[in-house]
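Encoded as structure tokens, the structure appears first; notes follow it.
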Amino acid sequence: MRTHCRRWALWLLIQAAACLGVLDELEAVGASTLQARGERLGRRLQALTGLPVVRDVRGLGLLYGVELAAGLLWPLMEEAENRGVFFYPFTGAGKPRSEGLVIAPPLTATDTDIDFMVTGLVDAVTALAESS
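Numbering (this note's numbering), first residue to last: 554 to 685.
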């Protein structure tokens, strides 16, 4: 029993160290830098609004969702992958059924990374809109 308890205590310490490491990284990057990158991401994603295959773009900070017209999720995922960018797909329940992409770059993403990601997505959506 004692060995089991020691293992649990050790795991708690390891998890706490990992959490402190993440907090150290966030502190090193700086809240104002993260806020500026989130605003940049939001501004760049607004280029998708008004395209016929995009229903909505919404989010805050470094977490956005792009809702697509029905049936276009997987073709868009393929178009994006061909451009070297990968996203998390989502499908919603209910009527009408929604589907789209979660845009969530890592906290360590640079402005260049965000620009590359959004340019790839905009190009993929534009190509999909032209082929539809």
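Note that the Cβ used here is the ideal one computed from N, Cα and C, for glycine as well. A quick note: this is a predicted structure, and the numbers were derived from the prediction, not measured.
First and last residue of the beta strand (DSSP E) that includes residue i?
i           : result
residue 673 : Run containing residue 673: none in the beta strand (DSSP E); it sits in the alpha helix (DSSP H), 664-684.
residue 644 : 641-644
residue 614 : It is not in any beta strand (DSSP E) - residue 614 carries neither H nor E in the DSSP assignment.
Taking the straight line between their C-alpha atoms, what separation do you get for residue i and residue j?
i           : j           : result
residue 562 : residue 655 : 36 Å
residue 589 : residue 646 : 33 Å
residue 628 : residue 593 : 26 Å
residue 604 : residue 636 : 19 Å
residue 598 : residue 576 : 28 Å
residue 499 : residue 568 : Here the chain has residues from 554 to 685 only, and residue 499 is not among them.
Quick one: grab the DSSP three-state call for residue i.
i           : result
residue 582 : helix
residue 604 : coil
residue 563 : helix
residue 660 : coil
residue 638 : coil
Which first and last residues belong to the alpha helix (DSSP H) in which residue i is found?
i           : result
residue 628 : 626-635
I'd like to confirm the pairing. Which residues does DSSP put opposite residue i in its beta bridges?
i           : result
residue 652 : 621, 644
Pop quiz: residue i and residue j are said to be a contact at Cβ under 8 Å. What is the actual Cβ separation, rounded to whole angstroms?
i           : j           : result
residue 606 : residue 626 : Their Cβ separation, rounded to whole angstroms, is 10 Å, which puts residue 606 and residue 626 out of contact at 8 Å.
residue 579 : residue 660 : 7 Å
residue 674 : residue 633 : 6 Å
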